[in-house]
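Asker: Under the working numbering, residues 44 to 321 are what the sequence shown spells out, in order. Just so it is clear, CB atoms sit at the ideal spot from N, CA and C, and this is done for glycine as well. The structure presented is a predicted model; accordingly, all values stated were derived computationally and were not measured. The structure that follows is given in the form of structure tokens.
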Amino acid sequence: EGDLTTKRNAFLVLVHCASKRAIQFILQQRSEDGTGGLGFLLSSGDLFQLALLELLRKVCRQKQQQKAGLLRLIVSILPNTLPSVAYEGACSLLALSRAPVSLKAAAGAFASLLCGNSDNNVKLIVLDRLQECVQRASRRTMEEFVIDLLRGLQTPSLEVRRKILDLVLQIVGKNSVEQLLNVLKRELLRTAEPEQLTVPRTMEYRRLLIKAVHSCCTRFPEAAASVVNVLIDFLGDPDVTTATEVAVVVRELVATCVHLRSRIISRVVDAFPDLAHA
44 EGDLTTKRNA FLVLVHCASK RAIQFILQQR SEDGTGGLGF LLSSGDLFQL
94 ALLELLRKVC RQKQQQKAGL LRLIVSILPN TLPSVAYEGA CSLLALSRAP
144 VSLKAAAGAF ASLLCGNSDN NVKLIVLDRL QECVQRASRR TMEEFVIDLL
194 RGLQTPSLEV RRKILDLVLQ IVGKNSVEQL LNVLKRELLR TAEPEQLTVP
244 RTMEYRRLLI KAVHSCCTRF PEAAASVVNV LIDFLGDPDV TTATEVAVVV
294 RELVATCVHL RSRIISRVVD AFPDLAHA
């Protein structure tokens, strides 16, 4: 049938009345298609793909012996589908499997949805699903998504930014901390640009960034050298809360990073004339 809606409706009838036949149909397409069934699925439209996901969820719960192959089918369609299908597919993986490959595929789909959607309500829902991925997967599995998640900071929504930073701080490791600090440093400097000072909640966002830097420096003091100069620039921030938070971070770095101590003290002394809340 060439009409996608008709094809989807016929398949749904098969799913609910003869799920075994529906599975046989999908497996037949996989064996006949040189792409492992992917070409057929992608050409069948999003409505058919959503019906397929409904079938796969049903069968995976009932027939464990077919579960692995069907999960691979879900993983294979995620990168090439519309957002609605990608979201449902990722949620299906999250609900049906704890295997690292499934969680990684789900997290990748959610990360793409986070950066590709302009609706902040959608972003918040996706971030909740990403939090589930973080809770179930190992840090090693999730760490590669640090930069992907940080791209979501381009939104003006403070709540979305807060959730992104919370997530990233949970999964950052030694392999990604330098990249994270570079992004945080860039975002901090951006909050000081004249045009940003008139944007609502910029100061709150700056405080979130400084707290994130503080957390990174506490956990990975060996990486602190890259942000010391930027932090000290904010010692003279006109906002008392921000300046105090920076002072706490700088004091801790002086105490814990012996190799940076003389450099930090020298920079702080140079900054004294500009400190509004010394």
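Would you kindly report the start and end of the unbroken alpha helix (DSSP H) that includes Cys-60?
Answerer: To locate residue 60, count along the sequence shown from 1; it is residue 17. Element bounds for Cys-60: 47-60.
Asker: In whole angstroms, give me the CA-to-CA distance for Glu-187 and Ser-219.
Answerer: Numbered from 1 along the sequence shown, position 144 holds the residue referred to as residue 187. Numbered from 1 along the sequence shown, position 176 holds the residue referred to as residue 219. Counting only the Cα atoms, Ser-219 lies some 8 Å from Glu-187.
Asker: I need the straight-line Cα distance from Pro-199 to Asn-163, nearest angstrom please.
Answerer: The count along the sequence shown starts at 1 and reaches residue 199 at position 156. The count along the sequence shown starts at 1 and reaches residue 163 at position 120. Pro-199 and Asn-163: Cα-Cα distance of roughly 9 Å.
Asker: If you follow the alpha helix (DSSP H) that Pro-126 is in, where does it begin and where does it stop?
Answerer: Taking the sequence shown and counting its residues from 1, one reaches residue 126 at position 83. Per DSSP, Pro-126 belongs to the alpha helix (DSSP H) from 126-139.
Asker: Grab the span of the alpha helix (DSSP H) containing Pro-143 for me, first residue to last.
Answerer: Here residue 143 corresponds to residue number 100 of the sequence shown, with the count starting at 1. Pro-143 -> alpha helix (DSSP H) spans 143-159.
Asker: Taking C-beta to C-beta, are Leu-252 and Leu-231 nearer than 8 Å?
Answerer: For this step, residue 252 is matched to residue 209 along the sequence shown. For this step, residue 231 is matched to residue 188 along the sequence shown. Yes, the pair counts as a contact, with Cβ atoms nearer than the cut-off.
Asker: List the whole-angstrom C-beta distance separating Val-169 from Ile-214, where the pair is believed to meet the contact cut-off of C-beta under 8 Å.
Answerer: As a first step, residue 169 must be located in the sequence shown, where it is residue number 126. As a first step, residue 214 must be located in the sequence shown, where it is residue number 171. So it is not a contact: roughly 15 Å between Cβ atoms.
Asker: Could you give the distance in angstroms between the alpha-carbon of Ala-148 and the alpha-carbon of Asp-313?
Answerer: Here residue 148 corresponds to residue number 105 of the sequence shown, with the count starting at 1. Here residue 313 corresponds to residue number 270 of the sequence shown, with the count starting at 1. Distance between the alpha carbons of Ala-148 and Asp-313: 49 Å.
Asker: Work out the CA separation of Met-185 and Leu-173 for me, nearest whole Å.
Answerer: Locating residue 173 in the sequence shown gives position 130, counting from the first residue. Locating residue 185 in the sequence shown gives position 142, counting from the first residue. Between Leu-173 and Met-185, the C-alpha separation is close to 10 Å.
Asker: Check whether the Cβ atoms of Ala-266 and Glu-236 lie closer than 8 Å to each other.
Answerer: Along the sequence shown, read from residue 1 onward, the residue named residue 266 stands at position 223. Along the sequence shown, read from residue 1 onward, the residue named residue 236 stands at position 193. Contact: no.
Asker: Using the three-state DSSP reduction, which class does Phe-188 fall into: helix, strand or coil?
Answerer: Mapped onto the sequence shown, residue 188 falls at position 145. Phe-188 falls in the helix class under three-state DSSP.
Asker: Please state whether DSSP places Phe-263 in a helix, a strand or coil.
Answerer: For the purposes of this step, residue 263 is taken as residue 220 along the sequence shown, with counting starting at 1. Looking at Phe-263 - three-state DSSP - the assignment turns out to be coil, as it is neither helix nor strand.
Asker: What whole-angstrom Cβ distance do Gly-195 and Ile-207 have, given they're in contact under 8 Å?
Answerer: Within the sequence shown, residue 195 is the residue found at index 152, counting from 1. Within the sequence shown, residue 207 is the residue found at index 164, counting from 1. Contact flag correct, Cβ pair sits at about 5 Å.
Asker: Could you check what DSSP says for Pro-199 in three-state terms: helix, strand or coil?
Answerer: Here residue 199 refers to the residue found at position 156 when the sequence shown is read from its first residue. In this structure, Pro-199 counts as coil in the three-state DSSP scheme.
Asker: Once DSSP output is grouped into helix, strand and coil, what is the label at Val-215?
Answerer: Here residue 215 refers to the residue found at position 172 when the sequence shown is read from its first residue. Looking at Val-215 - three-state DSSP - the assignment turns out to be coil, as it is neither helix nor strand.
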